[in-house]
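K.L.:
Have a look at this one before I ask anything.
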Amino acid sequence: MLTKTINKTALTLLQGNIVEVEAEAIVNAANSGLTGGGGVDGAIHRAAGPALKQECQRIGGCPTGSAVATSAGYMRARYIFHAVGPVYGHHPNPEALLKSAYQACFALAKQYHVKSIAFPSLSTGAYRYPLPEAALIALRTTIEQLQQPTSLEHVQFVLFDQRAYAIFERTLHNLLQP
Ligand code: AR6
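Following my numbering, the numbering of the sequence shown begins with 7 at its first residue and continues without gaps.
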């Protein structure tokens, strides 16, 4: 685990399962139909229970590069922010879409006055975004957002495996290099 302070917000990288992390908002790596699936999406839907599926169905969908908020069912979090990253090799301009998926989560955090949020590494599983590039976009966007006024006191990136954690750690170190 690694924590750095950006402005007044703590930014933590940790290896683990996002459904076990405590945060007011948990970000889901969703698809544009909000239909549920594998990876993070499957884990969150299993932890939240069937009410989440119903709420997602009522919303109906979310464009790639955007995010929508729902309640969190049985989970301890107050909100799930369903962010839809690009499918690498399918969407043109994946960098802009991945960045805007993260930005949309920060906009929701602001809207709901959220103090703590936990992100997975969006698009880097089933959507095959190369991890080093995705980590750079995720962390650069986070640092940019935390340089503006924010309700967020704690931002966590929950990386599933050792490789993803190591890549995020190296990337954050490089970005914060004076
Ligand atoms: N906690 C934290 N990270 C996880 C977890 C977990 N429980 N499970 C997987 N990861 P993915 P995507 C990591 O596939 O690429 C779904 O079917 C994983 O190792 O969850 O955005 C949706 O319905 C990877 O690094 O999301 C969509 O159809 C990262 O989380 C599609 O997959 C993201 O992997 C979205 O694909």
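Glycine included, C-beta positions come from ideal geometry on N, C-alpha and C.
At which residue ranges does the segment 28-71 contain complete beta strand (DSSP E) runs of 3 or more residues, listed in the order of the chain?
P.N.:
If we require 3 residues or more, the beta strand (DSSP E) runs fully inside the segment 28-71 come out as 31-35.
K.L.:
My output table needs one value for ALA83: the three-state DSSP class, helix, strand or coil.
P.N.:
DSSP places ALA83 in coil when its eight states are reduced to three.
K.L.:
Take the Cβ of ASN34 as the centre, count every other Cβ of all protein chains shown within 10 Å, and call the residue buried at 16 or more, exposed below.
P.N.:
The residue is buried, with at least 16 neighbouring Cβ atoms inside 10 Å.
K.L.:
Do GLY43 and GLY79 have their C-beta atoms within less than 8 Å of each other?
P.N.:
No, Cβ-Cβ distance for GLY43 and GLY79 is not below 8 Å.
K.L.:
Helix, strand or coil for HIS119? Go by DSSP, reduced to three states.
P.N.:
Three-state DSSP puts HIS119 in coil, outside helix and strand.
K.L.:
My output table needs one value for ALA132: the three-state DSSP class, helix, strand or coil.
P.N.:
ALA132: coil per DSSP, three-state reduction.
K.L.:
According to the Cβ coordinates, are PHE87 and ALA75 closer than 8 Å?
P.N.:
In contact: PHE87 and ALA75 (Cβ atoms closer than 8 Å).
K.L.:
Roughly how many angstroms separate the alpha carbons of HIS51 and GLU159, rounded to a whole number?
P.N.:
Going from the Cα of HIS51 to the Cα of GLU159 covers about 26 Å.
K.L.:
Could you give the residue range of the alpha helix (DSSP H) that holds HIS160?
P.N.:
That residue, HIS160, is in no alpha helix (DSSP H); its beta strand (DSSP E) goes 160-165.
K.L.:
Should the segment 121-129 be called in touch with the segment 158-173, which here means at least 3 C-beta pairs below 8 Å?
P.N.:
With the cut-off at 8 Å, the segment 121-129 and the segment 158-173 touch.
K.L.:
Consult DSSP for ALA124 and reduce its assignment to one of helix, strand or coil.
P.N.:
Looking at ALA124 - three-state DSSP - the assignment turns out to be strand.
K.L.:
Per DSSP, which one or two residues make a beta bridge with GLN183?
P.N.:
Paired residues: none, contrary to the question.
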